[in-house]
Amino acid sequence: MRIGVLTSGGDCPGLNAVIRSVVHRAVVDHGDEVIGFRDGWKGLLECDYLKLDLDAVGGILARGGTILGSSRVQPSHLRDGVQRAKGHVEELGLDAIIPIGGEGTLKAARLMYDSGLPIVGVPKTIDNDIAVTDVTFGFDTAVGVATEALDRLKTTAESHQRVLVVEVMGRHTGWIALHSGMAAGAHAIVVPERPFDIEELARRVGERFEAGKRFAIVVAAEGAKPKAGSMEFDEGGKDIYGHERFAGIARQLSIELEERLGKEARPVILGHVQRGGTPTAYDRVLATRFGWHAVEAVHRGEFGKMTALRGTDIVMVPLAAAVETLKTVPVERYDEAECVL
Ligand code: F6P
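Numbers in the working numbering are just positions in the sequence shown, counted from 1, shifted up by 215.
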């Protein structure tokens with residue numbers, strides 16, 4: 216068989232582990248040929264690819280980023296995108312394409328499948344917000360990075376008796392905020408799923424100082440918003456691909472809290488550091504399993520599906536189900552964290 220692989224959308228620790236796993240399973244075990252498209256769907260649209268053999272994937276298991284490069288270009292962005300991609304699949308004699316990506320990429324994958332292409336998807340995102348899989352690789356690494364940062368920030372916050380408002384990634388969901396906040400013992404967490412009341416947040420942080428504590432850590436998912444009318448809030452805008460470009464919840468919250476509490480408050484934006492660097496062992500294993508199962512699905516001719524983790528098993532689920540809705544943090548989880556507003 217001839218299989219094409221691509222990585223699309225925001226990168227994520229573990230992408231290289233999937234690519235390596237696909238090549239090992241397909242080339243070594245099945246005798247397939249694998250090619251990798253450069254920079255996501257863009258590579259397929261422009262017929263820009265490289266041969267992926269054992270040498271090409273040597274030593275990449277623990278490497279962050281993606282050796283194939285990524286972009287946010289989707290076939291539907293171009294008028295003739297889908298037709299062009301189909302033409303290249305035919306020209307190259309591909310029996311299957313394995314796109315590895317998040318929400319946008321999986322939507323494009325579904326569109327390509329619906330237009331007749333043999334697609335098997337692999338979900339990825341540090342945000343952990345893809346429905347129908349219990350976990351996505353990249354999340355564990357991101358939570359680890361954010362937790363380490365929060366641990367470090369606690370010591371400097373305490374030295375200066377400050378409130379630190381730490382912004383973590385999470386456009387639509389608060390998974391990273393919740394898990395890193397719980398792991399580091401944050402004093403308040405705000406998430407996109409539940410708009411917060413600024414007075415309530417200030418009261419909680421204020422009570423901590425009144426109880427004699429010398430600092431406070433607030434974790435804010437970048438997509439968190441205040442309740443309508445609770446404070447003046449700049450939501451930001453959109454980038455050229457229609458993705459949210461946030462105006463900075465940490466900056467806005469630190470100003471509000473400083474005013475209300477009379478305590479120094481500083482914003483800390485963790486940003487892309489959460490996506491960079493080497494994946495954790497958990498993410499490497501999950502990514503490797505996804506790659507292996509994607510190749511098996513290709514050989515069974517099980518197209519229009521993606522790999523997913525259910526409990527401890529890897530299963531195949533329809534792409535259609537995966538893109539219907541996002542996996543938000545269930546309300547019961549807020550109680551367990553004890554400090555989600
Ligand atoms: O990968 C998902 C994500 O990490 C979001 O949480 C974040 O808003 C976005 O990517 C940032 O993407 P970009 O690299 O395009 O700024």
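The beta carbon of each residue, even a glycine, is placed where N, CA and C say it ideally should be. Keep in mind that this is a model prediction, so the values were computed, not measured.
Beta-carbon contacts of residue i that lie in its chain and below 7 Å, excluding the five residues immediately before and after
i, result
"residue 532", "347, 520, 521, 523"
"residue 257", "286, 288"
"residue 480", "377, 378, 380, 469, 472, 473"
"residue 272", "234, 235, 238"
Assigned exposure category for residue i - 16 Cβ within 10 Å defines buried
i, result
"residue 458", "exposed"
"residue 376", "exposed"
"residue 455", "exposed"
"residue 449", "exposed"
"residue 359", "buried"
"residue 437", "buried"
"residue 428", "exposed"
"residue 540", "exposed"
"residue 303", "buried"
"residue 487", "exposed"
"residue 467", "buried"
Beta-carbon contacts of residue i that lie in its chain and below 8 Å, excluding the five residues immediately before and after
i, result
"residue 242", "248, 249, 267, 268, 269"
"residue 368", "379, 381, 432, 483"
Residue closest to residue i, alpha-carbon to alpha-carbon, out of the options
i, options, result
"residue 431", "448, 401, 447", "401"
"residue 518", "331, 549, 539, 386", "331"
"residue 508", "529, 499, 497", "529"
"residue 526", "324, 280, 438, 349", "349"
"residue 222", "320, 542, 406, 260", "320"
"residue 284", "263, 367, 551, 353", "263"
"residue 514", "441, 333, 548", "333"
"residue 443", "412, 418, 293", "412"
"residue 545", "343, 463, 382", "343"
"residue 537", "403, 325, 422, 506", "325"
"residue 434", "271, 398, 280", "398"
"residue 226", "424, 292, 426, 492", "492"
"residue 232", "259, 280, 261, 224", "280"
CB contact flag (residue i, residue j, <9 Å)
i, j, result
"residue 255", "residue 314", "yes"
"residue 336", "residue 316", "yes"
"residue 387", "residue 410", "no"
"residue 294", "residue 506", "no"
Any non-hydrogen atom of the ligand F6P within 8 Å of residue i CB
i, result
"residue 225", "yes"
"residue 355", "no"
"residue 457", "no"
"residue 268", "no"
"residue 521", "no"
"residue 487", "yes"
"residue 336", "no"
"residue 438", "yes"
"residue 281", "no"
"residue 386", "yes"
"residue 540", "no"
Neighbourhood of residue i by C-beta, 6 Å cutoff - its chain only, sequence neighbours within 5 removed
i, result
"residue 357", "341, 391, 489"
"residue 494", "228, 229, 356"
"residue 216", "247, 310"
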